[in-house]
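Quick note, the sequence shown lines up with residues 0 to 163 if you use numbering that gives the first Met the number 0.
Glycine residues also receive a C-beta, built at the ideal position from the N, C-alpha and C atoms.
This report concerns only the one structure given below.
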Amino acid sequence: MRKIADSTVRRLSLYLRFLERFDAQGTTTISSAELARHGGTTSAQVRKDLSFFGSFGKRGLGYSAAELAVRIRGILGLKRSYRVVLVGAGRIGGALVQYPGFRQRGFHVTAIYDKDAKKVGTRWNGVVVRDVRHIERDLQREPTDIAILVTPADAAQEVADRLV
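Structure (structure tokens):
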């Protein structure tokens, strides 16, 4: 198996972002020249990047935006679904929970924790905010893949220690 350069992987993630945007706008096909223009590279580079992973599209017709996005997600390992725990129900936590791209990329917030009694019990995007004092017990019952800490700096280390 050939080693894929980090720069190729970075460009693939850029291509994916543009493909998702094009798909949302109703664009069904896209050329390597269009991807190159948005990605700040050349159409030859786009074709070379994609050629590492097989054949895509039809010469002269371009690529199916939706199909290419699915293939790139698979290449980047983004087909998998991740259970995410969010610690900190402040502004940044709220923005993450509301961000639709998070779920679209397979990151599903399954629990939110905070120490503020006023926030505990409220719902954020369908997920109930829980008391952070119960995080260890809850995580034993409901394993998670990723924890995102959006707490004040002075609380982050304590929370991180409790998570591992």
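Between the stretch 55–71 and the stretch 21–31 there are three or more inter-stretch CB-CB distances shorter than 8 Å, so the stretches are counted as touching.
Contact check for A68 and D22: beta-carbon distance about 6 Å, within the 8 Å limit, so the pair qualifies.
For T7, the enclosing alpha helix (DSSP H) stretches over residues D5 to A23.
The criterion of a C-beta distance shorter than 8 Å is not satisfied by T150 and R82. When the alpha-carbon of V108 is set against those of Y98, R70 and D5, the nearest one is in Y98.
Beta-bridge partners of L85 (DSSP): I111 and I147. CA-CA distance, H37 to V96, rounds to 28 Å. In the three-state DSSP reduction, K2 falls in the coil class, being neither helix nor strand.
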